[in-house]
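Trainee:
Chains as they are written, first to last, in my numbering: chain A, 1 to 872; chain B, 1 to 148.
What follows is the structure, given as structure tokens:
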């Protein structure tokens, strides 16, 4: 072992094996690189933001479980050897234990990052095992050692290891959700045992020895006595406090903390009296002194809180104290100790040591000031801006030191390699491996989490006008209530989330927005967006989802939900499945929604009709508040209506602007399908030329297989060829009837709906119920003609208009009924199979609202209805 | 939309490039370099490692990187990925993370070459392992991308 203590310290262990150089030296450098690596990962994650709890948890644990735990393990082993005058432990075993610990830590962090509680549980168990292995090693070292005056101090390390065993087990219970029933108690015990036991004990124990060394003073004679007394108090306090916290009884917990505080103050007084003997201070001594001071302040503040607040409120109230301890004590001790130890460990000879020291001391007054200024900014109840400044200061201090450390370590490393050949496996692969795994874990975290911006995803669109439902949601006792929310599809859902718990929670919706982390009593509004499919929501604080903090947002049966069936018809229990997933037709259309014009343009004068038709994919509002990416001809569903007379020529240039093959088939033309109806690839175009030899209401549609999908996704339209001598009427409308399938085009669930004939809605002109919201217009006494084409892809239509009688029916090229026929017949329905077309005419007798429907009532009530508003 | 088309070839080039690069690193660090260390004299070993590293670096810069970048960008364009889409949870976020990790891996690989040239052997080794594990992470994220 290298000389740890300068010669002036008379109680220093002899520099035995000091000639044993490069191996351990480079070993130390490797181990310190691991520590520096964890600090860096923690800083990067912290800089990435605390917007969601997993990141916050992760940065905290990267620092405490990663960096601090490694530092304690590495240094306590190092000091134990020095204190006991023991031989060095077997390097291979020592490395294996360290590697095992780091793999275990990675498992814990990875488990939380990837939301795999089982992995976290296994990792926590492995951390416990690694620390137990290390404890065994310390004990065995003690047996073989000569012992020394300060052998007592190793007890601090052993006690600390036991504390981590308890703390890690508690952490495992928390993170996996197994301890959900007693979450508050476990959390408080976890925090206290780990921070005051696993971190606090080694810090105090080491300071007894390190403090005089840093100050370059003789150790005081009473040191051993004080250390023994102090350890007794600290341990008794810890045990009592932990038991009290776990049992959820405040008084013994506070009493235990008081005893712990007495032990700490006892030690601190000794440190203080030592300081007074020295007037000039090094960076390390200043940082260690400040750290001790903050440690005492934090424990006393904790004691005040624990004696005055109920345990259930302690967790949130304790947070400033935790930051105080984290930044003021833990981070500062880490920096101070590294400042002192790295030159000792890495520097060769007094000159080498001085070089390293000089590098590490660069700008130290600024760093120490920043760090200690940050502590009150973070701990006191100041405005948010102050907290941000505090974090920036603390982050800058730690980051600048990390850079200095890394530069020193990298340089030493290179030199030691040049100087002598390596005699044992280097630690470079381990260090590189740690860096690689940390990078990967961070990337996985980035990949699997959502940011803070509440952006509804998928087909839902977030605008103000559609039907909105606000639901109050309470978070408490590891539950989200209500546990399920059922809403009609198409509802814009707003959650008013209140955290009624004492601990912090949030709520995040699957593939969607999340609330910020809420303190107890806080409320946040969460705009989930339009609900088109079942979604889960849960609290993202690690362990809470596993403990049962989940909620399901499910789609409710449309008819029951909207109560649209008036008039006492309660027979809707027999509503077929087809409507259960349908959109909410009573919802409002989004603002700016333009209904598809149903007015049929008059026949032009030209005898040749040229049209450039682009196949494009486009988001279209297919039902109130529900937008879906559709496959279209010309950007609309249905595609543009073509109208002409018998004998007209149509020249259509189809341009494929999509990323898949499409084609077109005009029923109105007669020609060999091979060329014009072929499938063209993306960016290709074809010209489809036909002469309309026959009158009728014709369908055109995509000719590419599977046509069920191409038509079901919107690729259809109408061609109207007037019969000769078609009488002039006052109004002419065209309605293309079809079925609507919600979902992602091409997805298996979407295709399954089509193949099994389970549409979400039946629609006129592409959008469900649009003419119920925006009625067609006519005046009393006017004569109107309705062209109807059944586009399918599967169902036909029974077109009926409530309150009218059709006096003219034209179906598939023939008049079935004429207004002036002597038979005085009337018709009630124009029935069309999929792919057929025709028209009906009627005269509106008086002002009123005339509903037109597909008289298959399943279809009518699921979107195939509209209104003609007849008024003067 | 069905069968083997041009895009299948692009995907093929992308996947094969990744396989060659990750596999090359694995073969170098698990098979070739350990053997070289054991079987060659120190001088020969030094030269061998240097030459092997230089050749693999050349392959990376001249073939692997251009192929991956071109095919990757092409596929993203084909799939309609936009800058905004990269921020969306799910496909976009995973792709963004994969790109970030890939960039980090390339930086590590570049630094590895630099460290090697400066005879900082240990640093170079550490960076090589970082790059290797990071590349495996990239593959992991690639397999996590929803199938297209």
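Glycine included, every Cβ here is placed at the ideal spot set by N, Cα and C.
In angstroms, rounded to a whole number, what distance separates the CA positions of residue 309 (chain A) and residue 86 (chain B)?
Mentor: 46 Å
Trainee: Any beta carbon of chain B sitting closer than 8 Å to that of residue 440 (chain A)?
Mentor: yes
Trainee: Just to confirm, is the Cβ distance from residue 128 (chain B) to residue 432 (chain A) under 8 Å?
Mentor: yes
Trainee: Return yes when the Cβ of residue 720 (chain A) is within less than 8 Å of the Cβ of residue 697 (chain A), no when it is not.
Mentor: yes
Trainee: Would you please verify whether the beta carbon of residue 142 (chain B) is less than 8 Å from any beta carbon of chain A?
Mentor: No, residue 142 (chain B) does not count as interfacial toward chain A.
Trainee: Please classify residue 521 (chain A) as buried or exposed, where buried requires at least 16 neighbouring CB atoms within 10 angstroms.
Mentor: exposed
Trainee: List the residues of chain A that residue 130 (chain B) touches, going by C-beta distances under 8 Å, in chain order.
Mentor: Chain A residues near residue 130 (chain B): 432, 433, 435, 436, 439.
Trainee: For chain A, is any of its Cβ atoms less than 8 Å away from the one on residue 32 (chain B)?
Mentor: no
Trainee: Determine, for residue 9 (chain B), whether the minimum Cβ-Cβ distance to residues of chain A falls below 8 Å.
Mentor: no
Trainee: For residue 301 (chain A) and residue 324 (chain A), which I take to be in contact (beta-carbon distance under 8 Å), what is that distance rounded to the nearest angstrom?
Mentor: 7 Å
Trainee: Near residue 601 (chain A), what residues of its chain come up, given a Cβ to Cβ distance below 7 Å and the 5 sequence neighbours on each side ignored?
Mentor: 643
Trainee: Could you tell me which residues DSSP puts in a beta bridge with residue 762 (chain A)?
Mentor: When DSSP reads this structure, residue 762 (chain A) sits in a beta bridge with A:739.
Trainee: Are the CB atoms of residue 175 (chain A) and residue 543 (chain A) within a distance shorter than 8 Å?
Mentor: yes
Trainee: Just curious, the beta strand (DSSP E) that residue 701 (chain A) is in, first and last residue?
Mentor: 696-701
Trainee: Check each candidate in A:693, A:270, A:843 and name the one with the smallest Cα separation from residue 669 (chain A).
Mentor: Ranking A:693, A:270, A:843 by Cα distance to residue 669 (chain A) puts A:693 first.
Trainee: Would you identify the three-state DSSP class for residue 659 (chain A), choosing helix, strand or coil?
Mentor: coil
Trainee: Give the DSSP-derived three-state secondary structure of residue 48 (chain B) in the structure shown.
Mentor: helix
Trainee: Using a beta-carbon distance cut-off of less than 9 Å, what residues from the stretch 75-100 of chain B approach chain A?
Mentor: 78, 79, 80, 87, 88, 89, 90, 93, 94, 95, 96, 97, 98, 100
Trainee: Where does the unbroken beta strand (DSSP E) through residue 481 (chain A) begin, and where does it stop?
Mentor: 479-481
Trainee: Take residue 578 (chain A) and list the residues in its own chain whose beta-carbon comes closer than 6 Å to its own, dropping the five residues that flank it on each side.
Mentor: With a pLDDT of only 36 at residue 578 (chain A), under 50, the local geometry of the prediction cannot be trusted, and the value read off the model is given with reservation. Answer for residue 578 (chain A): 758, listed in chain order.
Trainee: Any beta carbon of chain B sitting closer than 8 Å to that of residue 318 (chain A)?
Mentor: no
Trainee: Using the beta-carbon of each residue, which ones in chain B are nearer than 9 Å to residue 745 (chain A)?
Mentor: Near residue 745 (chain A) there are no residues of chain B at all, since even the closest Cβ is about 12 Å away, more than 9 Å.
Trainee: Take every Cβ of the stretch 397-412 of chain A, pair it with every Cβ of the stretch 345-364 of chain A, and state whether three or more of those distances are shorter than 8 Å.
Mentor: Note that the stretch 397-412 of chain A touches the stretch 345-364 of chain A; at least 3 beta-carbon pairs, one per stretch, sit closer than 8 Å.
Trainee: Restricting to Cα atoms, I'd like to know which of A:68, A:680, A:658, A:688 is closest to residue 672 (chain A).
Mentor: A:688
Trainee: Would you decide whether residue 857 (chain A) is buried or exposed? Buried here means 16 or more other CB atoms lie within 10 Å of its CB.
Mentor: exposed
Trainee: In chain B, which residues lie less than 8 Å from residue 429 (chain A) when you measure between Cβ atoms?
Mentor: Those are 125, 126, 129, listed as they occur along chain B.
Trainee: For the beta strand (DSSP E) containing residue 204 (chain A), name the first residue and the last one.
Mentor: Not the beta strand (DSSP E): residue 204 (chain A) falls in the alpha helix (DSSP H), residues 200-215.
Trainee: Could you tell me if residue 788 (chain A) is buried or exposed, where buried requires 16 or more neighbouring beta carbons within 10 angstroms of its beta carbon?
Mentor: buried
Trainee: Sort A:488, A:476, A:183 by Cα distance to residue 507 (chain A) and report the nearest one.
Mentor: A:476
Trainee: Whose Cβ in chain B lies nearer than 9 Å to the Cβ of residue 346 (chain A)?
Mentor: Within 9 Å Cβ-Cβ: nothing; residue 346 (chain A) doesn't reach chain B, min ~14 Å.
Trainee: Just the chain A side, please: which residues come within less than 7 Å of residue 134 (chain B) by C-beta, in chain order?
Mentor: 436, 439, 440
Trainee: Can you find a C-beta in chain A that's less than 8 Å from the C-beta of residue 104 (chain B)?
Mentor: Judged by the 8 Å Cβ criterion, residue 104 (chain B) is in contact with chain A.
Trainee: Which residues bound the beta strand (DSSP E) around residue 488 (chain A)?
Mentor: 484-488
Trainee: Less than 8 Å between the beta carbons of residue 754 (chain A) and residue 709 (chain A), yes or no?
Mentor: yes
Trainee: Please name the residue, chosen from A:81, A:74, A:627, A:95, that lies closest to residue 742 (chain A) on a Cα-to-Cα basis.
Mentor: A:627
Trainee: Could you check whether the Cβ of residue 17 (chain B) sits closer than 8 Å to any Cβ belonging to chain A?
Mentor: no
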